Structures are given as structure tokens and as C-alpha cells.
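Asker:
Numbering (this note's numbering), first residue to last: 88 to 661.
1) For residue 622, which three-state DSSP category applies?
2) Kindly give me the distance between the Cβ atoms of residue 603 and residue 595, rounded to whole angstroms, as I take these residues to be in contact under 8 Å.
3) What's the call for residue 631, buried or exposed, on a 16-neighbour Cβ count within 10 Å?
4) For the stretch 144 to 214, list the beta strand (DSSP E) runs that are entirely contained and at least 3 residues long, ordered along the chain.
5) Return helix, strand or coil for residue 294, following the three-state DSSP convention.
6) In this structure, does DSSP put residue 464 in helix, strand or coil?
7) Under 9 Å between the Cβ atoms of residue 618 and residue 644?
8) For residue 209, tell me which candidate among 315, 330 and 343 has the shortest Cα-Cα distance.
9) Buried or exposed for residue 583, please, with buried defined as at least 16 other CB atoms from any protein chain shown within 10 angstroms of its CB.
10) What's the gap between the Cα of residue 508 and the Cα of residue 520?
11) How should residue 590 be labelled, buried or exposed, when 16 other C-beta atoms within 10 angstroms of its C-beta is the threshold for buried?
12) Which two residues bound the contiguous alpha helix (DSSP H) that contains residue 113?
13) Below 8 Å, how does it come out for the stretch 491 to 505 and the stretch 459 to 469: are there three or more Cβ pairs, yes or no?
14) Are residue 357 and residue 321 closer than 9 Å when you measure CB to CB?
15) Taking the DSSP output, what are the residues bridged to residue 448?
16) With a threshold of 6 Å on Cβ separation, who are the neighbours of residue 560 within its own chain once the five nearest residues in sequence on each side are excluded?
17) Check whether the Cβ atoms of residue 216 and residue 180 sit closer than 9 Å, and answer yes or no.
18) Could you spell out the range, first to last residue, of the beta strand (DSSP E) harbouring residue 512?
19) Can you have a look at residue 237 and say buried or exposed, based on whether 16 or more other CB atoms are within 10 angstroms of its CB?
20) Have a look at residue 254 and residue 207 and give me their C-alpha separation to the nearest angstrom.
21) Classify residue 492 as buried or exposed, calling it buried when 16 or more other Cβ atoms lie within 10 Å of its own Cβ.
22) Is DSSP giving residue 565 helix, strand or coil here?
23) Please give the ranges of any beta strand (DSSP E) in the stretch 579 to 648, keeping only runs that are unbroken, at least 3 residues long and fully inside the region.
24) Would you say residue 533 and residue 451 are within 9 Å of each other, going by their C-beta atoms?
25) To the nearest angstrom, report how far apart residue 376 and residue 361 are at their CA atoms.
So this is what it looks like as C-alpha cells:
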């Protein structure tokens with residue numbers, strides 16, 4: 088067998104354990120040396136960051152080994168699936184940079200699956216069972232006690248007739264099932280005559296009222312792989328116990344179907360799923376968050392969904408970088424949310440334009456600056472990218488700075504603005520605080536200062552004075568008002584399920600996961616468009632929200648910048 092001619096496919100270095108399996112299969116000529124993978128989402132919700140791990144694995148292997156990659160919607164449950172989820176999933180995949188070769192739906196195969204099921208009945212591999220779900224559970228047995236079914240030895244013709252009548256809609260929901268006839272004493276409970284079909288009188292979003300029975304995941308999944316010619320069926324570890332059943336069904340279909348080459352066989356390989364702290368990955372729990380109003384939809388920036396991450400300001404490159412850092416293994420573990428945030432900073436640091444925005448404004452009046460003067464200061468757009476150039480930022484007598492950048496009675500190691508202290512204004516001048524104005528409640532509402540004209544551009548003065556802090560600012564006369572949404576982690580505990588008895592994960596919802604502020608930003612942001620990324624200097628990375636308009640700018644905080652003072656303050660409290 089000729090090996091692939093691309094160097095990456097023959098180079099052992101850096102291969103994860105799944106790639107090693109794939110490479111060996113190619114070298115041994117299995118499936119003609121071809122690689123064909125797939126991503127099979129169920130269209131009953133939005134994709135989340137855990138799906139991204141599975142997507143990149145299957146997609147990258149297919150591309151690396153010059154194979155094919157399918158998108159297949161596993162749409163076997165008519166109660167929860169919808170076209171809106173199909174479109175949302177496709178949108179997310181395209182945004183991640185995934186280009187699939189073929190698009191399929193498991194429902195495309197309903198007729199073929201039914202034909203094969205009838206043939207399994209004829210060959211004695213399946214039978215119609217009339218046990219209710221409760222009775223099946225009661226007679227399931229234990230690992231040492233076999234399961235039972237009084238219908239296991241039902242005559243073939245009787246099962247065939249009943250199965251056809253099930254399809255015709257003659258029986259009520261859950262009154263009958265088609266079960267594979269395997270081994271009621273198997274230590275693997277999934278091999279104890281698993282259900283292949285259930286009666287379910289529900290219209291299907293694609294098939295309408297055509298079907299009164301629907302195939303189970305275990306019966307559909309492997310056979311869909313077989314129909315499409317998938318060579319490597321990559322899935323998460325919870326399906327490891329399903330693999331013997333996957334193989335058993337493939338064996339039976341190979342006895343029936345002779346269209347595929349004799350040596351063709353899909354192979355299921357499992358890897359550890361992505362578990363992330365301070366969030367939940369279960370679709371059931373994510374749906375609860377949406378339906379019960381804990382978040383504002385599937386694309387809420389606090390959600391771990393791809394749509395939520397995109398809206399918050401994460402980039403496809405940051406998500407890919409995160410997945411690469413996590414890697415692929417056989418052992419389950421929990422990844423720190425901080426790694427995902429790190430990836431966002433790493434990527435946005437290189438591409439996000441720097442701007443100045445004041446999230447919690449405090450007014451500063453420079454008493455010795457001319458009232459009618461406006462100067463335009465040169466500001467660097469991105470110090471990581473010289474080609475990004477510079478912009479002009481207006482400077483005037485009245486400014487806004489961050490409230491946290493001033494303290495009337497500063498503790499040791501606080502180097503920002505304080506009475507009698509001098510600081511540098513980024514790209515502008517050095518100023519010194521000369522007075523503090525308070526309201527009747529004692530709250531500081533205004534700072535008065537003087538400036539040094541010899542420090543224009545933020546340069547050091549001729550006399551050699553030094554300052555230890557540089558502040559960002561905006562000109563009050565030119566500032567653009569904006570809504571800033573400060574997002575934080577959705578849960579207050581790393582494990583949201585860590586709750587007292589009688590409570591559930593919603594008890595750990597972070598009440599401060601969203602704080603909305605009225606901010607002032609520099610006028611260059613007036614034309615910012617939804618999806619644009621910026622670094623608000625000294626504050627964090629922000630993205631323009633889809634709610635944003637020219638009349639009302641809206642920015643979502645993607646991640647914060649490192650705050651050295653916060654670390655110092657924490658140490659002082661200790």
C-alpha cells in the first residue's frame with residue numbers, strides 16, 4: 088500500500104493517540120488507505136465549546152490525511168429537533184472555518200434503516216417486545232443477574248407483522264419496541280437486547296407525519312457511518328461502552344449488505360470530552376438556563392455556546408488555540424476557564440486595535456489649559472502591529488478618567504492619581520491633582536488639576552521628573568456615550584453542581600455575571616461595527632454587540648486585562 092505523499096501524514100512527531108490509530112490504519116491499507124470522518128450533531132440546541140473539540144479533531148484529521156469530512160445531522164428525535172438549530176449549527180461551523188464535503192441527515196436513511204431492521208427480524212437478530220419502559224427497567228437485571236423479556240422468542244413472522252403495524256401507526260406511544268436479540272446476560276448492559284425502534288406519534292421537522300416509529304441513536308449512528316463510508320467514527324468517552332454494540336450492528340449489516348467492499352469497516356475511537364469549570368456543558372442544563380431566563384438566549388455572551396462566545400468577542404483562532412492547548416487524551420479532566428481566557432488575550436493582543444474608553448467615569452478639569460483649545464494627539468493603534476498605524480485623539484480642558492484611577496487617601500503602592508500627585512495621561516500630558524470636589528454625601532464628583540505643557544505626547548519633562556503611572560482618558564467634549572456590558576463567569580463555583588442537598592446547579596448562578604455601565608469612548612469608535620474587536624487600554628478586550636447602532640454603541644467585554652493593583656490589594660487584605 089502506497090503511503091500518503093504529504094509529509095505530515097508520515098511524520099510521527101506530535102501525533103495524538105487517535106492520529107496514531109489513523110496513521111496505522113492507513114499504513115496497513117485498511118479501507119483502501121482512505122480517511123473519511125464526520126461530525127454528527129443532533130439539531131436540538133446550539134453547539135458549545137465542547138463540540139468544538141470534537142469538530143476540530145475530525146475535521147483536522149480528514150484534511151491532514153487528504154480525506155473527506157461530512158456534516159451529518161443525527162435527527163432521530165422528533166420532539167426536540169428543529170430547522171433553526173440546523174441553521175445555527177451550520178453558521179457556527181462556517182464561522183469556525185469548517186468546510187464540509189457533504190451534508191447529510193440521519194433522517195435521509197430512515198427508509199434504509201427500516202429495511203435493514205426487517206431483515207434483522209427475518210434472520211432472528213431482532214424481535215418486537217411489548218414490555219413498557221417501566222417493565223423493561225424492572226426486568227433489566229444487574230451485572231450478575233440476566234435481563235428478561237417474555238417476547239424474546241416471538242416467531243419471526245409475528246414480529247415482522249407487528250413491526251409493520253408499528254410503522255403504520257396502529258399502536259400508542261411506548262406500547263411496543265423493536266429490540267436487537269443479542270445477550271440478556273451480557274455484563275455490558277447496552278448489549279442486553281437494546282431497543283432499536285420506539286413507537287412515537289410525533290411529526291418530524293423534515294419528514295412530517297410519515298413515521299410513527301423512530302430509530303434509536305445506537306441503531307442509527309453506526310449504520311449512518313456505514314452508509315456514508317466513514318472510516319473513523321470519533322466520539323467522546325461516554326460512548327466507549329456502546330462500541331461493542333456499534334460493532335455488533337456493523338457485523339450484522341455486513342452480512343446483509345454487499346454493496347461495500349468486503350474489507351470496508353468503520354472504526355469507533357473514543358477520546359475524553361471537554362469539561363470546563365465555572366460553566367455547564369449539558370444541553371439539558373443549557374436549555375434550562377435559556378427557558379427559565381437565567382440568560383438571554385443561546386447566544387448570551389455568558390453561555391459556553393459557540394454563538395455566545397462569538398457574541399462575547401472570542402475569535403475562531405482563539406478557540407482553536409484553546410483546543411490545541413487542551414489536546415486529546417483518554418482520561419477525563421476539568422479544564423480551567425482561565426485557559427480559554429488566556430487564548431482570547433493571546434489572539435486579540437495581536438489583532439485588536441487599541442482605543443481609550445472610560446467605563447466608570449470621573450470628571451477631571453485642567454484649570455490651566457485654555458478653555459477653547461482642542462489638540463489632536465497621535466495614538467498608536469496596535470503596538471504589536473506597526474502596519475496598523477496611528478490615529479488622532481482629541482484632547483481638551485475637561486476629561487474623563489476611570490474612577491478607580493484616583494484615591495483621595497491612597498495606600499502604599501498605589502501610584503495613580505491622588506492629591507498633589509502627578510501622572511502621565513497616555514499620548515497627552517502630565518497632570519497634577521490640585522483639588523477634589525465632592526457632593527453633599529461626600530462622594531467625589533470632580534477632580535481639578537494642572538498640566539505641564541512641556542510634556543506633550545506624554546514625554547518626560549526637561550527637569551527629569553518621574554511618574555509611576557500612566558492613565559487612559561477621553562475628552563469630555565468629544566466623547567461618545569456607550570453602553571458597556573461587563574460579563575463575568577456565569578457561576579460562582581468551579582463546579583456548578585457543588586450545591587447543598589435539595590438544590591441544583593442554578594443555586595450557583597453568579598448574580599454579578601453581567602454588569603451594565605454607561606461609559607465614554609473616544610470618537611474614533613463612532614463608526615465601529617458589530618463584531619469589531621478593540622482593546623480598551625488598561626481595561627480589557629471588547630467586542631461590538633449586534634445590538635449596537637450608530638445612535639447607541641454597545642460593547643461586550645470579552646476578557647479583562649491583567650490588573651496588577653488587584654493582585655496587590657488582595658495581598659494587602661491577606
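Just so you know, even glycine gets a beta-carbon here, dropped at the ideal spot from N, CA and C.
Here the structure is a predicted model, which is why all the values come from computation and not from measurement.
Answerer: With the structure as the only source:
1) Residue 622: strand per DSSP, three-state reduction.
2) About 22 Å separates the two Cβ atoms, so there is no contact after all.
3) Burial state of residue 631 is buried, judged by a 10 Å Cβ sphere holding 16 or more other Cβ atoms.
4) Scanning the stretch 144 to 214 for uninterrupted beta strand (DSSP E) segments of 3 residues or longer gives 155 to 160 and 189 to 192, listed from N- to C-terminal end.
5) Looking at residue 294 - three-state DSSP - the assignment turns out to be coil, as it is neither helix nor strand.
6) DSSP, read as helix, strand or coil, puts residue 464 in strand.
7) For the pair residue 618 and residue 644, the CB atoms are not nearer than the 9 Å cut-off.
8) The residue with the shortest Cα to Cα distance from residue 209 is 343.
9) Result: buried.
10) If you take the alpha carbons of residue 508 and residue 520, they lie about 6 Å apart.
11) Counting Cβ neighbours within 10 Å, residue 590 comes out exposed, since fewer than 16 surround it.
12) Here the alpha helix (DSSP H) through residue 113 covers 104 to 114.
13) Cβ pair count under 8 Å is below three, so no.
14) In this structure, residue 321 lies closer than 9 Å to residue 357 by Cβ.
15) The beta-bridge partner set that DSSP reports for residue 448 consists of 489.
16) Cβ-Cβ distances below 6 Å link residue 560 to 486, 488 and 512 in the same chain, with the five nearest sequence neighbours on each side left out; the list follows chain order.
17) Cβ distance not < 9 Å, so residue 216 and residue 180 don't count as in contact.
18) Following the DSSP letters along the chain, one finds residue 512 inside the beta strand (DSSP E) bounded by residues 509 to 512.
19) Residue burial annotation: residue 237 is exposed, with fewer than 16 other C-beta atoms found within 10 angstroms of its C-beta.
20) For residue 254 and residue 207, the gap between their C-alpha atoms comes out near 16 Å.
21) Counting Cβ neighbours within 10 Å, residue 492 comes out buried, since at least 16 surround it.
22) Per DSSP, reduced to three states, the secondary structure at residue 565 is coil, with no helix or strand assignment.
23) The stretch 579 to 648 contains, as complete beta strand (DSSP E) runs of 3+ residues, the segments 601 to 608, 620 to 623, 627 to 631 and 640 to 647 (chain order).
24) Yes.
25) Taking the straight line joining both Cα atoms gives about 20 Å.
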